[in-house]
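K.L.:
Have a look at the structure that comes next, please.
Number of protein chains: 6
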Amino acid sequence: MSDAKIEQYKIRQEPYYEAVANEVELYEAAYNARMPVMLKGPTGCGKSRFVEYMAWKLGRPLITVACNEDMTASDLVGRFLLDKEGTVWQDGPLTTAARIGAICYLDEVVEARQDTTVVIHPLTDHRRTLPLDKKGEVIEAHEDFQLVISYNPGYQSLMKDLKQSTKQRFGAMDFDYPEAATEANIVARETGVDKAVAEKLVQIAHRARNLKGHGLDEGISTRLLVYAGQLINKGVDPLAACSMTLVRPLTDDPDMRDTLDAAVGTYFG
Amino acid sequence: MSDAKIEQYKIRQEPYYEAVANEVELYEAAYNARMPVMLKGPTGCGKSRFVEYMAWKLGRPLITVACNEDMTASDLVGRFLLDKEGTVWQDGPLTTAARIGAICYLDEVVEARQDTTVVIHPLTDHRRTLPLDKKGEVIEAHEDFQLVISYNPGYQSLMKDLKQSTKQRFGAMDFDYPEAATEANIVARETGVDKAVAEKLVQIAHRARNLKGHGLDEGISTRLLVYAGQLINKGVDPLAACSMTLVRPLTDDPDMRDTLDAAVGTYFG
Amino acid sequence: MSDAKIEQYKIRQEPYYEAVANEVELYEAAYNARMPVMLKGPTGCGKSRFVEYMAWKLGRPLITVACNEDMTASDLVGRFLLDKEGTVWQDGPLTTAARIGAICYLDEVVEARQDTTVVIHPLTDHRRTLPLDKKGEVIEAHEDFQLVISYNPGYQSLMKDLKQSTKQRFGAMDFDYPEAATEANIVARETGVDKAVAEKLVQIAHRARNLKGHGLDEGISTRLLVYAGQLINKGVDPLAACSMTLVRPLTDDPDMRDTLDAAVGTYFG
Amino acid sequence: MSDAKIEQYKIRQEPYYEAVANEVELYEAAYNARMPVMLKGPTGCGKSRFVEYMAWKLGRPLITVACNEDMTASDLVGRFLLDKEGTVWQDGPLTTAARIGAICYLDEVVEARQDTTVVIHPLTDHRRTLPLDKKGEVIEAHEDFQLVISYNPGYQSLMKDLKQSTKQRFGAMDFDYPEAATEANIVARETGVDKAVAEKLVQIAHRARNLKGHGLDEGISTRLLVYAGQLINKGVDPLAACSMTLVRPLTDDPDMRDTLDAAVGTYFG
Amino acid sequence: MSDAKIEQYKIRQEPYYEAVANEVELYEAAYNARMPVMLKGPTGCGKSRFVEYMAWKLGRPLITVACNEDMTASDLVGRFLLDKEGTVWQDGPLTTAARIGAICYLDEVVEARQDTTVVIHPLTDHRRTLPLDKKGEVIEAHEDFQLVISYNPGYQSLMKDLKQSTKQRFGAMDFDYPEAATEANIVARETGVDKAVAEKLVQIAHRARNLKGHGLDEGISTRLLVYAGQLINKGVDPLAACSMTLVRPLTDDPDMRDTLDAAVGTYFG
Amino acid sequence: MSDAKIEQYKIRQEPYYEAVANEVELYEAAYNARMPVMLKGPTGCGKSRFVEYMAWKLGRPLITVACNEDMTASDLVGRFLLDKEGTVWQDGPLTTAARIGAICYLDEVVEARQDTTVVIHPLTDHRRTLPLDKKGEVIEAHEDFQLVISYNPGYQSLMKDLKQSTKQRFGAMDFDYPEAATEANIVARETGVDKAVAEKLVQIAHRARNLKGHGLDEGISTRLLVYAGQLINKGVDPLAACSMTLVRPLTDDPDMRDTLDAAVGTYFG
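Protein chains in written order, with my numbering: chain H, 5 to 273; chain F, 5 to 273; chain C, 5 to 273; chain B, 5 to 273; chain S, 5 to 273; chain W, 5 to 273.
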């Protein structure tokens with residue numbers, strides 16, 4: 005694989021990330037042991053951003069794969085393609101990561117079919133190998149390779165959960181929405197609105213997050229707060245901006261919408 | 005991609021669209037922030053027309069994809085085809101849109117399989133990238149690219165809904181049938197019938213829309229009113245025209261048909 | 005596409021069709037507006053024959069597709085085939101119809117998978133386009149193209165129905181078995197039996213049709229009456245002919261068979 | 005298609021068939037009208053043999069297809085295969101039959117998927133055409149072509165039945181096991197045992213057939229009687245021969261086996 | 005097909021088989037009539053060995069196919085493969101057997117999908133043909149060809165059973181574990197342990213077989229006794245050897261394990 | 005197959021393995037009889053490590069396959085690939101193992117589809133053959149070949165279990181977590197922490213293992229203890245290290261987390 009191809013997986017500029025606790029050090033220790041890591045937490049709380057930040061900090065290429073229930077092991081490992089010379093093997097993203105020593109981030113891995121999760125087993129124990137069964141080749145992971153997966157505990161149903169034989173291959177780190185002050189910093193920094201507006205948005209989010217499990221499936225994510233700030237910064241009326249970004253995406257239930265609209269009105273009315 | 009190919013996605017003449025509220029300005033602000041947008045509302049209330057209008061107004065090419073439950077991620081992203089030189093990659097509509105800076109409109113996205121919805125995630129956050137896993141390439145979206153999806157809240161079942169981790173990537177706008185006067189304008193303009201006939205048709209529609217949830221799954225759309233007007237304009241008896249376009253398409257229930265026929269008779273009897 | 009290929013879809017001689025009411029004029033008006041049309045009615049009541057007649061009358065080629073639950077969008081739109089030059093695109097019947105300006109008749113469309121029904125959406129609104137996603141091409145329908153579908157309301161289950169967003173794209177026409185005199189004319193004309201025999205067959209059919217929903221799933225179709233007449237005309241005993249064509253195909257329930265046999269005996273005993 | 009290929013579908017010598025009633029004449033009349041025919045009756049009562057006999061008598065080639073739930077429309081109609089020149093079309097058995105004017109016999113058609121049954125529709129009405137959608141060709145059936153299907157009413161479940169729109173395309177003939185004397189003739193003729201032994205075997209079969217629905221799913225077929233006769237004729241003890249061919253294939257229930265063994269003992273004990 | 009290829013299916017040395025009753029003669033008579041045969045009995049009672057023995061005795065090649073629920077008709081009949089000349093047909097094991105006059109043994113045929121079982125129908129009646137539908141060829145079975153299937157009545161669920169129209173194509177033979185003395189002979193002969201040890205092992209097996217249906221799904225097979233004898237013969241402690249081969253493979257239920265361990269202790273304690 | 009390819013399956017250095025009882029001798033006896041072996045036990049108790057150790061001790065190459073529910077027989081046996089010369093056969097891992105005389109280890113075989121488990125049958129009885137049905141070839145296993153499978157009894161559901169006809173082809177060995185002293189040795193040796201820390205970690209594991217079935221699906225594996233030791237050895241606070249590796253991977257239940265955290269606090273608080 006050419007250096008140019010490796011370069012495209014490098015994080016070129018420092019992603020904005022505010023540490024909450026000791027997660028950066030903990031991750032570094034895990035990476036130094038090349039321990040596979042599982043990031044747990046709700047939608048939009050910053051798991052993907054954290055991995056990007058760590059990849060930048062550690063200077064490793066990052067290969068992200070959004071898992072889904074139609075993804076097969078071949079989508080991860082690779083497949084034969086027909087070329088003018090006949091079939092040629094093409095590495096999948098996991099194989100590429102194992103070869104070049106990247107951090108491979110499997111986002112929402114529980115969505116994938118079981119063959120996808122089983123395929124990572126030999127990469128996550130003392131073997132650190134990836135058998136390409138279809139090619140009759142066993143590759144040994146680059147010494148810098150590390151596997152990271154994300155997992156949203158709130159989503160898992162009885163039908164769809166990681167097997168214990170998979171879970172017990174990972175150290176696990178919990179994530180949650182950032183503290184109010186940190187989150188307001190993020191919103192202000194990413195949208196250009198002033199601190200007061202950012203704090204109001206965060207307070208609306210806190211109200212909504214308290215409704216999780218009481219009518220809302222999930223609270224308002226930091227991403228949606230950024231959306232709201234962006235619209236307000238472009239001159240959109242805050243009530244309209246919040247309705248579009250903080251209320252309507254979350255729910256179609258009229259009562260919940262009223263409750264959320266009232267919360268918005270409290271701060272921007 | 006040649007300019008000719010881009011041209012075919014441009015809207016050549018201004019689509020007829022009457023704004024209801026501040027939706028045009030709101031969309032423009034969202035587009036300026038390249039915020040992904042979700043359009044919510046019932047069948048035939050003008051969501052597709054609105055996107056077309058905005059694409060025309062913003063001078064962007066528009067690529068529309070009608071989603072369905074058999075659509076795979078490859079249908080969106082692209083696939084390898086066999087050529088005389090071997091396999092060649094062919095971009096799917098989403099990839100094309102990301103490359104040329106089009107607005108990509110995924111109509112009724114909830115119908116699609118999960119791999120289709122997950123594939124849009126990296127395009128809808130700060131990364132704005134689309135990994136072509138099968139090709140081992142990561143493309144960065146053109147700076148003018150925007151993603152828009154539609155969503156009919158009335159249709160969603162417990163089994164089939166967007167995941168919160170998808171929903172929270174979009175600002176959302178509600179749509180509904182136009183106001184009576186606006187809708188009559190549309191019908192008259194698009195069919196050539198006079199104002200009085202158009203108003204009668206709209207009043208029939210209002211009666212039917214009140215029956216939604218009371219025997220009808222969905223109210224009469226503006227499109228069906230246009231059909232009725234077209235037949236009347238070609239000399240078809242209004243009762244026959246309304247029966248063919250406003251009553252029979254909607255329901256096979258004899259009582260509901262009687263009720264609707266009676267409503268037609270009130271205005272054209 | 006060569007003219008020879010178009011010719012094969014032309015109806016070469018006038019199909020025998022007796023109009024029941026104003027359906028011919030109504031259809032002509034709909035065709036003149038290029039309005040998509042949905043034909044509703046029970047099995048064997050003449051929907052397919054009517055479309056053929058209209059195609060002949062309007063001088064348009066007719067492409068009929070018998071839909072089924074294993075049919076994919078590619079079966080309608082087209083697919084890539086491997087040629088000695090590599091892959092070549094081959095139009096499906098819907099694409100062919102859109103290109104040559106044919107009437108495309110999708111028989112029992114509700115049987116098809118959803119991707120088949122969704123694919124017709126852009127052809128059935130103001131766009132009149134058909135995106136060949138796999139080919140990266142958007143074709144505009146020929147100005148003479150029209151889409152017609154059939155739909156048997158008695159068959160639809162809760163699980164399998166057209167979506168409102170599909171239904172509201174069509175004007176709808178109801179069909180039923182022809183009047184007794186008309187049907188006797190048809191039977192006599194198509195089989196060569198005399199009027200008295202034809203009338204008896206029609207009367208047997210009427211008895212059976214009254215049993216629909218009371219032990220029979222469906223009444224005797226005109227087609228079966230023609231079968232009976234053909235056998236009688238070839239010298240088969242009317243009781244044996246009716247048993248073979250009007251009783252045994254319909255039901256295996258001994259009581260229903262006795263009831264139907266008795267009806268036959270009343271007229272031919 | 006070469007004559008040699010047609011020849012292989014011809015029945016070379018007269019199949020042994022004893023007519024029960026007017027079924028031969030009735031079938032001939034149906035064939036003369038090219039009416040599609042449905043043969044109804046239990047397993048092993050001679051439906052396949054009857055079709056063979058009629059094909060021999062009418063001098064037509066016969067193409068038999070054993071339908072099954074994994075059979076697709078392509079298995080019947082044909083498909084593209086890759087040749088050194090690229091893809092070449094290969095006719096399926098139904099297409100072959102339509103081209104060469106054979107009788108096409110679809111055995112147990114209800115087992116097939118719906119696309120298989122729908123594909124025969126245009127061959128079974130006034131059109132007598134077979135659209136090869138994938139090839140973009142419509143073939144007209146040879147004037148000698150006829151379609152025959154078999155159907156075992158006892159087998160059909162609620163989930164798996166022919167649709168009325170399929171059933172009403174066929175004249176139907178009932179079949180059952182032959183009369184005792186006829187059946188004994190058949191057994192004696194096909195196995196070489198003497199008349200007395202053959203009659204005993206038939207009487208055992210009659211006892212078993214009375215148990216259908218009372219512990220047996222199906223009675224003893226004529227084929228099994230022939231098996232018994234063959235073993236007896238080769239010197240096997242009649243009790244052992246009947247146990248192997250008339251009892252053990254039918255049931256594993258110990259009580260039913262005792263009952264059947266007792267019946268065998270009555271005649272051969 | 006070259007003689008070398010046929011040779012590989014020949015049984016080169018006499019398999020060890022001890023006849024229990026008249027099964028050898030009965031099978032020979034059935035083979036002489038080329039009657040299809042179904043072997044019924046529990047796991048590991050010697051059905052496969054019996055077929056091998058008969059193939060050796062009759063001097064016929066034997067082709068064995070282990071059926072499973074993912075096996076398709078093509079796996080049996082054959083398929084087209086891509087060669088440098090284009091597609092070439094490759095016979096499946098059933099086709100090969102029919103061509104070379106082998107005995108074809110379909111092990112646990114009920115596991116296969118229905119298309120697999122239906123495909124054998126024309127080979128199992130007077131036709132003795134195998135239509136290769138995909139190739140447009142009908143092959144006639146070699147005069148020495150015979151079809152044999154196995155069937156474990158204890159396994160069949162309501163969902164998965166052979167259809168009567170399949171069952172009634174076979175003569176059936178019951179198999180069970182051998183008599184105690186015979187089984188001890190087998191164990192001693194195949195493992196080298198002395199008669200006394202072999203008899204103890206058989207007595208343990210008898211105890212376990214009595215538990216079938218009372219906590220065990222299946223009794224101890226002769227194969228497992230041979231495993232036990234082999235370990236003992238290699239110097240393994242009989243208690244450890246029996247635990248490994250007669251107890252742990254059968255069940256994970258602690259109570260059943262205790263019961264079986266106690267039985268072992270009675271003889272080897 | 006080249007020697008180089010064989011070499012890659014050889015275990016190059018002695019894996020660290022502490023014997024618990026007579027399992028090494030028992031396995032050697034089984035291997036000497038080439039008896040197929042089934043390893044039973046919970047996740048992470050050392051089954052894979054044991055097979056590796058035995059392969060090293062016996063000097064045999066080891067081919068490991070992680071089974072999963074999407075794995076097909078072809079994934080094990082091999083398939084045809086398209087080459088510039090046409091199709092070429094490529095051995096799967098099982099075929100490779102049978103050819104080169106490797107130990108083939110099918111990890112969690114019960115996850116695989118039935119065709120995968122059935123395909124091993126002829127390799128696990130006196131035949132020791134592997135029919136490559138798709139290639140029309142029967143290969144005889146190398147005299148050093150042995151098959152080993154793993155099986156976690158706690159995982160099997162009613163829906164997914166090995167068939168008795170598969171189970172009875174294997175000698176079975178039970179595995180469990182190592183004794184406390186042994187396990188502490190392992191943790192200390194693999195992580196570099198001192199004996200005291202290792203013993204504390206093992207005691208925490210014992211507490212958690214007692215909760216299996218009382219709120220935990222599975223106990224803490226030795227692997228997780230090693231993870232904990234690695235982090236502690238890198239200077240991470242033991243409480244944080246245990247939380248990340250012993251608590252969060254196992255459960256998301258707040259009460260169970262408290263219980264486990266308390267156990268950690270007892271030893272490291």
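Glycine is no exception: its CB is placed at the ideal position from the N, C-alpha and C atoms. Computed from a predicted model, the values in this text were never measured in an experiment.
#1: For L254 (chain B), which residues in chain S fall below 9 Å Cβ to Cβ?
#2: In angstroms with no decimal places, state the Cα-to-Cα distance between E203 (chain W) and T186 (chain H).
#3: Starting from Q319 (chain H), follow the alpha helix (DSSP H) in both directions and report where the run begins and ends.
#4: Taking the beta carbon of P135 (chain S) as the centre, do at least 16 other beta carbons fall within 10 Å, making it buried, or is it exposed?
#5: Since I believe A101 (chain H) is in contact with I67 (chain H) (beta carbons under 8 Å), could you give me their beta-carbon distance rounded to a whole number of angstroms?
#6: Quick check on DSSP: helix, strand or coil for Y2 (chain H)?
#7: Using the Cβ count rule (16 or more neighbours within 10 Å means buried), how would you classify I258 (chain F)?
#8: By the DSSP assignment, the beta strand (DSSP E) with C108 (chain S) in it spans what residues?
#9: Under 6 Å Cβ to Cβ from R132 (chain B), same chain only, skipping five residues before and after it: list those, please.
#10: Run through the segment 27-67 of chain S for me and flag every whole alpha helix (DSSP H) of 4 or more residues, listed as ranges in chain order.
#11: With a 10 Å radius around its C-beta and 16 neighbouring C-beta atoms as the bar for buried, classify Q160 (chain W) as buried or exposed.
#12: Hey, is P46 (chain S)'s beta-carbon within less than 9 Å of any beta-carbon in chain B?
#13: Of the residues S:L62, S:I10, S:E11 and S:E29, which one's Cα is nearest the Cα of P19 (chain S)?
#14: Is there a Cβ of chain H sitting closer than 9 Å to that of F84 (chain F), yes or no?
#15: Out of curiosity, what's the CA-to-CA distance linking G140 (chain B) and L127 (chain B)?
#16: Could one say the Cβ of D257 (chain S) lies closer than 9 Å to chain B's Cβ atoms, at least one of them?
#17: Return yes when the C-beta of C49 (chain W) is under 8 Å from any heavy atom of the ligand FAD, and no when it is not.
#18: From which residue to which residue does the beta strand (DSSP E) around P135 (chain B) run?
#19: Could you confirm whether any beta carbon from chain B is found closer than 9 Å to the beta carbon of E18 (chain C)?
#20: In the DSSP assignment, the beta strand (DSSP E) including E144 (chain B) goes from what residue to what residue?
#21: Thinking C-alpha only, which one of S:R117, S:F149, S:W60 and S:I224 is nearest I322 (chain S)?
#22: In chain order, what are the residue ranges of uninterrupted beta strand (DSSP E) at least 3 long that sit wholly in the segment 144-200 of chain C?
#23: Rounded to a whole number of angstroms, what is the C-alpha to C-alpha distance between E147 (chain C) and P65 (chain C)?
#24: Please classify L254 (chain C): does DSSP put it in a helix, a strand, or coil?
#25: Over the uninterrupted alpha helix (DSSP H) stretch that includes R117 (chain F), give me the two end residues.
#26: Chain W beta carbons: is any one of them nearer than 9 Å to that of H218 (chain H)?
#27: Rounded to whole angstroms, how far is the Cβ of V197 (chain W) from the Cβ of N237 (chain W), which I believe are closer than 8 Å?
#28: Given that L62 (chain C) touches chain F, what residues does it touch there, using C-beta distances under 7 Å?
#29: CB-CB under 8 Å to E183 (chain F), same chain, minus the five flanking residues each way: which ones, in chain order?
P.N.:
On the basis of the coordinates in this document:
#1: Within chain S, the residues near L254 (chain B) are Q168, K171, Q172 and A176.
#2: C-alpha separation (whole angstroms): 40 Å.
#3: Lying before the first or after the last residue shown, residue 319 (chain H) is absent from chain H, which here runs from 5 to 273.
#4: Answer is buried; the Cβ neighbour count reaches 16.
#5: Contact flag correct, Cβ pair sits at about 4 Å.
#6: Residue 2 (chain H) lies beyond the residue range present for chain H, which begins at 5 and ends at 273; the question has no answer from this structure.
#7: For the sequence presented, residue 258 (chain F) should be read as Pro rather than Ile. P258 (chain F) is classed as exposed because its beta carbon has fewer than 16 other beta carbons within 10 Å across all chains shown.
#8: I107 to D111 is the span of the beta strand (DSSP E), which, as asked, contains C108 (chain S).
#9: Within the same chain, R132 (chain B) has close Cβ partners A145.
#10: Those alpha helix (DSSP H) runs which fall completely within the segment 27-67 of chain S and span 4+ residues are 27-36 and 51-62.
#11: Confidence at Q160 (chain W) is low in this model, with a pLDDT of 47, below 50, so its placement is unreliable and the value that follows should be read with caution. With fewer than 16 other Cβ atoms within 10 Å, it is exposed.
#12: P46 (chain S) does not count as touching chain B.
#13: P19 (chain S) has its Cα closest to that of S:L62, out of S:L62, S:I10, S:E11 and S:E29.
#14: So yes, F84 (chain F) belongs to the interface.
#15: Their backbone Cα atoms lie some 17 Å apart in a straight line.
#16: No - not a single Cβ of chain B is within 9 Å of the one on D257 (chain S).
#17: Among the components modelled here there is no ligand, and therefore nothing to report on the ligand FAD.
#18: Taken as a continuous stretch (DSSP letters only), the beta strand (DSSP E) holding P135 (chain B) covers T133 to L136.
#19: Residue contact with chain B for E18 (chain C): absent (no Cβ-Cβ distance below 9 Å to any residue of chain B).
#20: Start and end: E141 to E144.
#21: With chain S covering only 5 through 273, there is no way to say anything about residue 322 (chain S).
#22: Here the runs fully enclosed are 150-155 and 175-178.
#23: Their backbone Cα atoms lie some 13 Å apart in a straight line.
#24: Correct three-state label for L254 (chain C): coil.
#25: According to the DSSP assignment, R117 (chain F) belongs to no alpha helix (DSSP H), since it is labelled neither H nor E.
#26: The beta carbon of H218 (chain H) sits no closer than 9 Å to any beta carbon of chain W.
#27: Cβ atoms of V197 (chain W) and N237 (chain W) come within 8 Å of each other, at about 5 Å.
#28: Ordered by position in chain F, no residue passes the 7 Å Cβ test against L62 (chain C), which lies about 15 Å from the chain.
#29: The beta carbon of E183 (chain F) sits closer than 8 Å to those of V24, all from its chain and outside the five residues before and after it, given in chain order.
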